[in-house]
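Trainee: According to the UniProt record's numbering, the stretch in the sequence shown is residues 1 to 1009, in order. Every residue gets a Cβ at the ideal spot worked out from N, C-alpha and C, and that includes glycine. Note that this is a predicted model, so its numbers are computed, not measured. Below you'll find the structure I mean.
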Amino acid sequence: MDPVALSTIILLPFIGSVIASVLPSNARNLESTLAGLIAVFCAVQLALYYPAIASGDVHEQEFAWLQSLGLSLSMRLDGFAWMFALLVYGIGALVVLYARYYMSPQDPVPRFFSFLLAFMGSMAGVVMSGNIIQLAFFWELTSIFSFLLIGYWHHRKDARRGARMALTVTGAGGLCLLAGMLMLGHIVGSYDLDNVLAAGAQIRSHSLYLPVLILVLLGAFTKSAQFPFHFWLPNAMAAPTPVSAYLHSATMVKAGVFLLARFWPVLSGTEEWFWIVSGVGLTTLLFGAYTAMFQNDLKGLLAYSTISHLGLITLLLGMNRELAAVAAVFHIMNHATFKASLFMAVGIVDHETGTRDIRRLSGLRHMMPITATLALVAAAAMAGVPLLNGFLSKEMFFSESVLVHAPGYIQAGLPLLAVVFGIFSAIYSLRFGYDVFFGKPAKDLPKTPHDPPIWMIVPVGLLVVICLAVGVAPNLVVGPVLALAATPVVGGELPYYSLAIWHGINKPLIMSVLAMGLGSLIFFVIARFIRGRNYFVDYAFTWTLTGKRIFEYLLASLTLFSRFLRVLLTTRRLQWQMFWLVIATFGAVAVPLWYGGLNIGDRPTQTLSPAFAILWLIGGICAIAAAWQAKFHRLAAMVMLGATGLCVCITFLWFSAPDLGLTQLAVEIVTTILLLLGLRWLPQRDKSIRLPSWSMDHSMAQARRARDLIIAVVAGVGITLLSIAMLSRPFPQSTSTFFLERAYTEGGGTNVVNVMLVDFRAFDTFGEIVVLGIVALTVYALLRRFRPARETMDLPMQQRVLPKDLITDLFNPRQAKDTAIGYLTVPAVLVRLLLPITTLVAIYLFMRGHNEPGGGFVAGLVFSLGLLLQYIVSGTQWVEANLALYPRRWIGFGLICAIATGAGSMYLGYPFMTTHTAHFTLPYLGEIHVASAMFFDLGVFTVVVGSTLLILTALAHQSVRGHRYHARKLEEEAEAKEAAASNYARARAAYEAVARFNVHSNTEGSPWK
1 MDPVALSTII LLPFIGSVIA SVLPSNARNL ESTLAGLIAV FCAVQLALYY PAIASGDVHE
61 QEFAWLQSLG LSLSMRLDGF AWMFALLVYG IGALVVLYAR YYMSPQDPVP RFFSFLLAFM
121 GSMAGVVMSG NIIQLAFFWE LTSIFSFLLI GYWHHRKDAR RGARMALTVT GAGGLCLLAG
181 MLMLGHIVGS YDLDNVLAAG AQIRSHSLYL PVLILVLLGA FTKSAQFPFH FWLPNAMAAP
241 TPVSAYLHSA TMVKAGVFLL ARFWPVLSGT EEWFWIVSGV GLTTLLFGAY TAMFQNDLKG
301 LLAYSTISHL GLITLLLGMN RELAAVAAVF HIMNHATFKA SLFMAVGIVD HETGTRDIRR
361 LSGLRHMMPI TATLALVAAA AMAGVPLLNG FLSKEMFFSE SVLVHAPGYI QAGLPLLAVV
421 FGIFSAIYSL RFGYDVFFGK PAKDLPKTPH DPPIWMIVPV GLLVVICLAV GVAPNLVVGP
481 VLALAATPVV GGELPYYSLA IWHGINKPLI MSVLAMGLGS LIFFVIARFI RGRNYFVDYA
541 FTWTLTGKRI FEYLLASLTL FSRFLRVLLT TRRLQWQMFW LVIATFGAVA VPLWYGGLNI
601 GDRPTQTLSP AFAILWLIGG ICAIAAAWQA KFHRLAAMVM LGATGLCVCI TFLWFSAPDL
661 GLTQLAVEIV TTILLLLGLR WLPQRDKSIR LPSWSMDHSM AQARRARDLI IAVVAGVGIT
721 LLSIAMLSRP FPQSTSTFFL ERAYTEGGGT NVVNVMLVDF RAFDTFGEIV VLGIVALTVY
781 ALLRRFRPAR ETMDLPMQQR VLPKDLITDL FNPRQAKDTA IGYLTVPAVL VRLLLPITTL
841 VAIYLFMRGH NEPGGGFVAG LVFSLGLLLQ YIVSGTQWVE ANLALYPRRW IGFGLICAIA
901 TGAGSMYLGY PFMTTHTAHF TLPYLGEIHV ASAMFFDLGV FTVVVGSTLL ILTALAHQSV
961 RGHRYHARKL EEEAEAKEAA ASNYARARAA YEAVARFNVH SNTEGSPWK
């Protein structure tokens, strides 16, 4: 059976993530089954690659993209990537099974499995990337999805804080990594991983080697929580335990050491590498182990032990020895197995007892015998007890600490520090195992402890069995895999090493026995001292927070500084914002012109006809009039602005640019409607406020107007001069001639403008429609909360009287009546007859766009105008009650259609957004020319329609709010009048009753006489 393509192994988790996100919340079994099957399937497919990988092959799959920039979507699988990807999917499958029973039915489980699958795919993308820029992209994806997983319980403050801290630290490191990868590509001349790995000597001898090394190490150290960036990892323990188990064992924190091992053949071998990497690794190794001893939270203990073991791997990779690199790869594999099992065991303890506090737990082996047995074996593997996998890699570490080539004090001190690490690891492993599972059974626990369901223990049991199997028969179980994974890391032939359990009595064995013995002795002698709360423990705990405090201090300082800049540089006045924007633009243009000058070319110009001069004289007068009337009469300014736009449209047609003219005309109509709707809700100008001519404010206002006039004139003249300078130069090898020559032969169309948009610049166009969709959704979201000013709402009573049936319709949109009555009847009939015509015109413009003036953009605007006319004449509520438009769905469909077109070309092995043409012969119609760009243009069409309708109807809905406001006000006034009349009637009745009583009391014989 042949394995599936590498791209499928990476994409499948992302596809599963999308599917899991839409599953119902009560389908926990279905969601976990989906995630588990995807992880198992990908693991099996990777296992099927073993024969080919074992023979020395490197499997690659590439999709051409931006070949001129050296960028492509490339998947690469060698022995090291194969081992790491197998860890990602194998442990991922076990974590999914474990999470099925760990997660509460009350949790939003679809969101959990959706994030977990996306995180799994991102990590696989890091491991299997064959392009270093692509590696940086997936690297940042792991930061994003780990942020979502750590903050999964977002109702908890510690989860939100831990997620933000992790994203800030690892995201900043990812940006450094991206810069390093760009510099690496610059040195090598290629971003292909194979070319980079083959250029080690060139990179190490380059002048940019040290900056590249620092940037790449910053990315690795932040991701793998190396000192001083370690503080984010303990705060990430607010995540659910399945996330912690996965994050600490096979993903996220292992990405940093993966990066160090992946680029070990390229960046290692120098003194800078040795001192930086080994120094950071040694510091992290001892710091994490020391701090782990004093943690009272089980997950906190494991978090700091993870930091320590990652420091061990970093230290091994920093020694510049091939055998040390092999030991690092071996410990990556061993640490993944015993650390995943330990975190799952902690989750079981927390799940069944209700607490992770070591001070409250003891004697659990009596109540949870299966869990206790598995947890004790995993803890022994973490401590490096013989016949377990941790012992073997720890022995290799001890051996390398003795054989390191370094100055004398390093050779003498490193073995001693290695023993200290062994002592610390023995102590915190005993704290985990002895304090929790031995002693008297704990009392007063939140829950009654017992072993969990069998399928919750199975993942832990499988991992513990692997720890035992590797420890007992390493050559048989893990020997070939280690050789396969370590060969690409050392970049050549493997050094000799032995995985035998017994090597005789030697220095590493003595160091191991000494570390285990002293650690056990110290633990049992001063166990009460370590458990108690005293000055020493407080000092140790405070020390661990130093990095966190520095981070929080820096973050707070940056926040205060940004607030200071915001107060200093920003204002709510649009005029000042535009002023500084124009000034900044002047500066950006003035600098190159100052040094290079402005040269007007000698290209011969055509003599313009008097008609054209008159046209632009009218356009200039209208532009000046629009600016003049903008403050005094907005509607007149709009009319003048429309006239200027019409002159621009005629200019485009004059210079044989019908595409631009058609688009400009449609845009003019849409923007005019937009501005009219917006101006409707601006507060009216108060003409009573006039500044005296002698006042200082009046003089300042005049000076400001003069300044703005000068800036406007300079900007206009400057743009004119730049345009003349460009147009007066010859274009022998210009971009315009490039597109003219290749539009038909390479793009399959004769309309050069449309071919540029949907083929040559399709990726830019896709970005533009994405931005357009985002803007439309943002406007929609903002206007949902927008409420017009009260002075705008409170119009005179006679202007806001509505028919009673329409007032009723305002609060019952589904029963809305047509407002096109009376004098609007004839326009309504014409507008409804116009809708099918505009639809037909839009289809015509869309279908001819590739070869004649037209295209998806202008077709979308024309179709939108046909729909907007219905809103204008018949009212918002009637149209929405009779036409199911759903603009947001139009935007979504358009984006999917556009990206699917690009993905289709990649699937066929061509660069992203490559256009293909085909000719079909249909009955009666004859030969039909169809380009794949048509489907991309369809996406542009639907996004334009959806965005236009969403923005304009969101503004139009403010009128509905205004009418509802007036209707409520009328109802309140009517109720007030009715209440006043009722009160008057009651008062009148009371008065008459009193009067009758007085008449009765004055009669003869009355008792009140």
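#1: The alpha helix (DSSP H) that contains Phe80, what's its start and end?
#2: Given this structure, state the Cα-to-Cα distance separating Leu568 from Ser21, to the nearest angstrom.
#3: Whole angstroms are fine: how far does the CA of Ile214 sit from the CA of Ile203?
#4: Rank Gly318, Glu668 and Ala255 by C-alpha distance to the C-alpha of Thr283 and give the top, closest one.
#5: Quick check: what's the CA-CA separation for Ala989 versus Ser982?
#6: How long is the line joining the alpha carbons of Ala500 and Tyr428, rounded to whole angstroms?
#7: Nearest-angstrom Cα distance between Val994 and Tyr984?
#8: According to the neighbour-count rule (16 or more other Cβ atoms, all chains shown, within 10 Å of its Cβ), is Trp275 buried or exposed?
#9: With a floor of 3 residues, list each beta strand (DSSP E) that falls wholly inside the region 917-951, ordered by position along the chain.
#10: Distance, Cα to Cα, Leu135 vs Val127?
#11: Give a yes or no on whether the C-beta atoms belonging to Thr487 and Gly79 are separated by under 7 Å.
#12: Please classify Gln295: does DSSP put it in a helix, a strand, or coil?
#13: With a 10 Å radius around its C-beta and 16 neighbouring C-beta atoms as the bar for buried, classify Ile650 as buried or exposed.
#14: I believe Gly894 touches Ile711 by the beta-carbon criterion, under 8 Å. Please report the beta-carbon distance rounded to the nearest angstrom.
#15: Might you give, ordered along the chain, the residues of its own chain that have their beta carbon closer than 8 Å to the beta carbon of Arg533, omitting 5 neighbours on each side?
#16: Would you identify the three-state DSSP class for Ile9, choosing helix, strand or coil?
#17: Going by alpha carbons, who is nearest to Ile133 out of Leu883, Cys176, Ile550 and Val95?
#18: Given Gly300, which residues of its chain have a CB within under 7 Å of its CB, disregarding the five upstream and five downstream residues?
#19: Tell me the DSSP bridge mates of Asn131?
#20: Check whether the region 243-257 and the region 195-212 touch, using three or more Cβ-Cβ pairs below 8 Å as the test.
#21: Only counting the same chain, and skipping five residues up and downstream in sequence, which positions put a Cβ closer than 7 Å to that of Glu31?
#22: My output table needs one value for Leu558: the three-state DSSP class, helix, strand or coil.
#23: Check whether the Cβ atoms of Ser728 and Gly854 lie closer than 7 Å to each other.
#24: So, using beta-carbon positions, are Asp444 and Ile358 closer together than 7 Å?
#25: Since I believe Gly288 is in contact with Ser308 (beta carbons under 8 Å), could you give me their beta-carbon distance rounded to a whole number of angstroms?
#26: Which residues in the same chain have their Cβ closer than 8 Å to the Cβ of Leu12, if we skip the five residues on either side of it in sequence?
#27: Please state the DSSP three-state secondary structure of Ser656.
#28: What are the uninterrupted segments assigned as alpha helix (DSSP H) that are 4 or more residues long and contained completely in the region 223-277, given in chain order?
#29: Apart from the five residues on each side of it in sequence, which residues of its chain come closer than 6 Å, Cβ to Cβ, to Met368?
#30: Grab the span of the alpha helix (DSSP H) containing Gln67 for me, first residue to last.
#31: Under 6 Å Cβ to Cβ from Ala340, same chain only, skipping five residues before and after it: list those, please.
#32: Please classify Ser72: does DSSP put it in a helix, a strand, or coil?
#33: Might you give, ordered along the chain, the residues of its own chain that have their beta carbon closer than 7 Å to the beta carbon of Val385, omitting 5 neighbours on each side?
#34: Counting C-beta neighbours from all protein chains within 10 Å, is the total for His154 16 or more, i.e. buried, or is it exposed?
#35: Closest by CA to Gln877, which one among Leu374, His957 and Thr570?
#36: Applying the criterion that 16 or more other CB atoms from any shown protein chain within 10 Å of the CB defines a buried residue, is Asn29 buried or exposed?
Mentor: With the structure as the only source:
#1: Gly79 to Tyr102
#2: 44 Å
#3: 13 Å
#4: Gly318
#5: 11 Å
#6: 27 Å
#7: 15 Å
#8: exposed
#9: 917-922 and 926-931
#10: 8 Å
#11: yes
#12: coil
#13: buried
#14: The pair is not a contact, with the Cβ atoms about 39 Å apart (cut-off 8 Å).
#15: Confidence at Arg533 is low in this model, with a pLDDT of 44, below 50, so its placement is unreliable and no value can be given for it.
#16: helix
#17: Cys176
#18: Pro234 and Met237
#19: Asp192
#20: no
#21: Ala20, Leu23, Val109, Pro110 and Phe113
#22: helix
#23: no
#24: no
#25: 3 Å
#26: Ile38, Phe41, Cys42 and Gly121
#27: coil
#28: 232-235, 241-249, 253-262 and 264-267
#29: Pro449 and Asp451
#30: That residue, Gln67, is in no alpha helix (DSSP H); it is neither H nor E in DSSP.
#31: Ile91, Ala245, Ser249 and Leu463
#32: strand
#33: Phe391
#34: exposed
#35: His957
#36: exposed
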